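Q:
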Amino acid sequence: MSESSGKKTVLAIDDDPDFLELLAFRFMKENCEFVTANDGEEGLVKARSIKPDLIMVDIKMPKMDGYQFVKELKKEEDCRQIPVIVLTSYEPMRELFGVEGITDYIVKSSDMTGLWKTLQKYL
1 MSESSGKKTV
11 LAIDDDPDFL
21 ELLAFRFMKE
31 NCEFVTANDG
41 EEGLVKARSI
51 KPDLIMVDIK
61 MPKMDGYQFV
71 KELKKEEDCR
81 QIPVIVLTSY
91 EPMRELFGVE
101 GITDYIVKSS
111 DMTGLWKTLQ
121 KYL
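Counting from 1, one number per residue, gives the positions in the sequence shown under full-length UniProt numbering.
1. Taking the straight line between their C-alpha atoms, what separation do you get for D78 and L87?
2. Is L22 closer than 9 angstroms to M56 when the C-beta atoms are compared?
3. Might you give, ordered along the chain, the residues of its own chain that have their beta carbon closer than 8 angstroms to the beta carbon of I82, omitting 5 neighbours on each side?
4. Is M56 helix, strand or coil by DSSP?
5. Going by DSSP, what residues sit across from E33 in a beta bridge?
6. Using C-beta distances below 7 angstroms, list every residue in its chain close to I102, excluding the 5 sequence neighbours before and after it, in chain order.
7. Which residues in the same chain as E30 place their Cβ atom closer than 6 angstroms to its Cβ, once the five residues preceding and following it in sequence are excluded?
8. Run through the DSSP bridge pairs and tell me what L87 is partnered with.
9. Rank C32, K108, D14 and Y67 by C-alpha distance to the C-alpha of L123 and give the top, closest one.
10. Is M28 closer than 9 angstroms to F19 when the C-beta atoms are compared?
11. For I106, I'd like the list of residues in its chain whose CB is within less than 8 angstroms of its CB, leaving aside the five on either flank, ordered along the chain.
12. Answer yes or no: do D14 and M61 have a C-beta to C-beta separation smaller than 9 angstroms?
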């Protein structure tokens, strides 16, 4: 959580700038601090530095995919407790629950209200 503002901090990692913009608009409405990264490598750097309250990560990205991101993130002792929600265009993704470190998954859509309701469980 951001010490100065008291807002919850959310890190979204996705290589789709349009989807990140849609997410940013929704999270600003909910008074959250919203930080983005375009791939897993950039996301890992930001996660280590800001220690967000929640991380959302796409599976298929350049440089470092979502699975590798989670694996690397959970090696960091002070990042292990951060909930990680996988963003995916593919349904169903039940096999993701077997991947250590993944808290939940959300199927990408333009339904930001449904997405927000799911994310509220972890903020």
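Ideal placement from N, C-alpha and C gives every residue a C-beta, glycine not left out. Since the model is a prediction, treat every value here as computed from it, not as a measurement.
A: So, from the data block:
1. Roughly 23 angstroms between the two C-alpha positions.
2. no
3. Excluding sequence neighbours, I82 sits near A47, K51, P52, D53, L54, I55 and L73.
4. strand
5. T9
6. The residues V70, V84, V86 and L96, in chain order, have a CB closer than 7 angstroms to that of I102 in the same chain once the five nearest residues on each side in sequence are set aside.
7. none
8. L87 is bridged to D58 and I106.
9. A check of alpha carbon separations from L123 across C32, K108, D14 and Y67 identifies C32 as the nearest.
10. no
11. If we look at I106 and ignore the five residues flanking it on each side, its Cβ neighbours are M56, I85, V86, L87, T88, L115, T118 and L119.
12. yes
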